[in-house]
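One structure is given below, encoded as structure tokens.
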Amino acid sequence: KVSLIGTAAVSGGAAVTVRLAANTPIPEGATHLLAFAVGSGGEGTVPAAMEIEDTDESTIPGGVDFEDTDPTAGSVGGIIEIQSAENPEALQAYNVYWGDSSATCSKLAGESAIASVPVVFSSSGPMCTAGASCSEITIANSGDGDWVVSRGMGGYSNDERATIVLQGPGSISVDRFSTESGYDTLTIGSQTLSGNTIPDDIEVPDGQLTVVWYSDYSVVDDGWVFTFSGSTSAPVVSHDLPSGTDLPAGATHILVFSEDTTGSEASNCASTEVSDWSPPSTIPEGLWFYDTDPGAGVVGGTVTLAQARDAAAVASYSVYWGMNSTHKLNDLVVLSFEATTSGG
């Protein structure tokens, strides 16, 4: 035993409860909760026990999205996008399954995993990848995703070359800068710095950015220091579910479970409902409209639609403005007709 968590008054044979407050730290070494009976003569020696299962939602995927792009009924396809867990550092993969319930994270019986998607992290920080002067470039992690990159300020040498690569998104703040103006340059992406002017913060887009340091054969100065503030979180990862993938009977959801670096899979999951996109293949037989509104730029009148010959799978018809005879101008429905079964 470590410490008393709480006491519950006896109330016959019924179950009793004691509320364990949220954010209660688990003591080091604690693996179980133990309940002992207490009487007037003291505390019993044999407990009821319950193993502690810490529900750590910080390692659950932040969400999952899927939109079926396969028009065939009974089959699906499209991109499964998985949002990073809040705390992905201890994870190695997100395992994707068919499910028959989102409330209980219930995997569909008899079905194996759809995919195991590796957890991918943003770059661990800037790296000097080329140039004889890489050994002179200092790169230090100052915490919270900030990296200090420096060539100075104690002075640099002639003929220095270095290429630094960093991973966006993020921003660069130039803290100090002093080089031979017009000749010794630090090029950050498409922006070249030289002299003593400190620029405004430079936004780094998503993806890889190259920083190139160059000094010529004569005249040197103090050097430069900049701070790169980047993202330390894992990005969204995806799995391409091939078009034509059979949708198993009873599958209503896609479930995603986190797998840690020991190979253990979490019991909680992120989920999204699967909607089998299977639009009718038939088309209306015809559409007629005659404008009876005399005003310029406005129309009005009766729209007549001849229903599809095979209308068994048709529930309604939607009418849109078109930019030509085949393509919608936008997704705004102008009119809607309920399908009927009384003939065309």
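Position one of the sequence shown corresponds to residue 807 (my numbering), numbered consecutively onward. All residues carry an ideal CB built from backbone N, CA and C; glycine is no exception. Source: prediction; values computed, not measured.
Element boundaries [beta strand (DSSP E), containing residue i]
| i | result |
| --- | --- |
| Met856 | Ala854 to Glu857 |
| Glu1065 | His1059 to Asp1066 |
| Thr1033 | Gly1029 to Gly1036 |
| Gly988 | Run containing Gly988: none; DSSP gives neither H nor E here. |
| Asp952 | Asp952 to Arg957 |
| Gln898 | Leu897 to Ser907 |
| His838 | His838 to Ala841 |
| Ile945 | Thr944 to Gly949 |
| Leu1047 | Val1043 to Asp1052 |
| Ser1077 | Ala1076 to Glu1079 |
9 angstroms Cβ cutoff met for residue i and residue j
| i | j | result |
| --- | --- | --- |
| Gly931 | Ser1049 | no |
| Thr993 | Asp1027 | no |
| Ile943 | Trp953 | no |
| Arg982 | Gly958 | yes |
| Gly1036 | Gly1101 | no |
| Asn1074 | Ile866 | yes |
| Trp1094 | Thr1110 | yes |
| Leu999 | Leu972 | no |
| Asp1082 | Gly880 | yes |
| Gly961 | Gly1013 | no |
| Arg1201 | Gly937 | In the structure as shown, the chain starts at 807 and stops at 1150, and residue 1201 therefore has no counterpart that could be examined. |
| Ile1060 | Ile886 | yes |
| Ser1084 | Thr878 | yes |
Contacts around residue i, its chain only, beta-carbon distance under 6 angstroms, and the 5 residues preceding and following it disregarded
| i | result |
| --- | --- |
| Ala1117 | Ala1145 |
| Gly1149 | Residue placement at Gly1149 is flagged as unreliable, the pLDDT there being 49, under the threshold of 50; a coordinate-derived value is accordingly withheld. |
| Val1105 | Asp1097 and Asp1099 |
| Ile970 | Pro932, Cys934 and Val1017 |
| Asp906 | Ser912, Leu914, Gly1056 and Thr1058 |
| Phe842 | Glu849, Gly850 and Pro853 |
| Asp1007 | Ser977 and Ser979 |
Of the residues the options, the one placed nearest residue i, counting alpha carbons only
| i | options | result |
| --- | --- | --- |
| Glu849 | Thr1051, Leu840 and Gly1001 | Leu840 |
| Ala1112 | Gly1092, Val1104 and Trp1127 | Gly1092 |
| Ala921 | Asp965, Ser1000 and His1045 | His1045 |
| Glu859 | Gly1101, His838 and Val1125 | His838 |
| Ser939 | Val954, Thr910 and Trp1019 | Trp1019 |
| Asp874 | Val1031, Val1080 and Glu857 | Val1080 |
| Gly1001 | Gly1069, Ile945, Thr813 and Ser1021 | Ser1021 |
| Pro1086 | Ala1119, Phe1095, Arg982 and Trp1094 | Ala1119 |
| Trp1030 | Asn1130, Asn964, Ser1122 and Val955 | Val955 |
| Gly988 | Ser1024, Phe1032, Glu834 and Glu863 | Ser1024 |
| Gly835 | Phe1032, Asn829, Val822 and Glu857 | Glu857 |
| Asp876 | Leu1047, Gly868 and Val870 | Leu1047 |
| Val1139 | Ser1131, His1133, Thr1132 and Tyr1126 | Tyr1126 |
| Gly951 | Leu1141, Phe1034 and Met1129 | Phe1034 |
| Glu863 | Gly1103, Thr1147, Ala1076 and Ser1131 | Ala1076 |
| Gly1107 | Gly869, Ala820, Leu1141 and Thr861 | Leu1141 |
| Ala828 | Tyr962, Thr861, Val822 and Thr1132 | Thr861 |
| Val894 | Gly1128, Val1042, Leu826 and Ile886 | It should be pointed out that residue 894 corresponds to Pro in this sequence rather than to Val. Nearest of Gly1128, Val1042, Leu826 and Ile886 to Pro894, Cα basis: Val1042. |
| Pro1054 | His1133, Tyr903 and Lys1134 | Tyr903 |
Own chain partners of residue i with C-beta closer than 8 angstroms, once the 5 adjacent residues on each side are dropped
| i | result |
| --- | --- |
| Glu1071 | Asn901, Phe1063, Ser1064 and Glu1065 |
| Thr1088 | Ala1114, Arg1115, Asp1116, Ala1117, Ala1119 and Val1120 |
Residues of its chain near residue i, where Cβ-Cβ distance is below 7 angstroms and the 5 sequence neighbours each way are ignored
| i | result |
| --- | --- |
| Ala899 | Ser922, Val923, Pro924, Val925 and Glu1065 |
| Glu1009 | Ser977 |
Cβ of residue i within 9 angstroms of any chain D Cβ
| i | result |
| --- | --- |
| Ser1122 | The chain labelled as chain D is not found in the depicted structure, where only one protein chain is given. |
- Message: Which complete beta strand (DSSP E) runs does the stretch 965 to 1008 hold, if anything under 3 residues is left out?
- Response: 967 to 984, 991 to 994 and 997 to 999, all fully within the stretch 965 to 1008.
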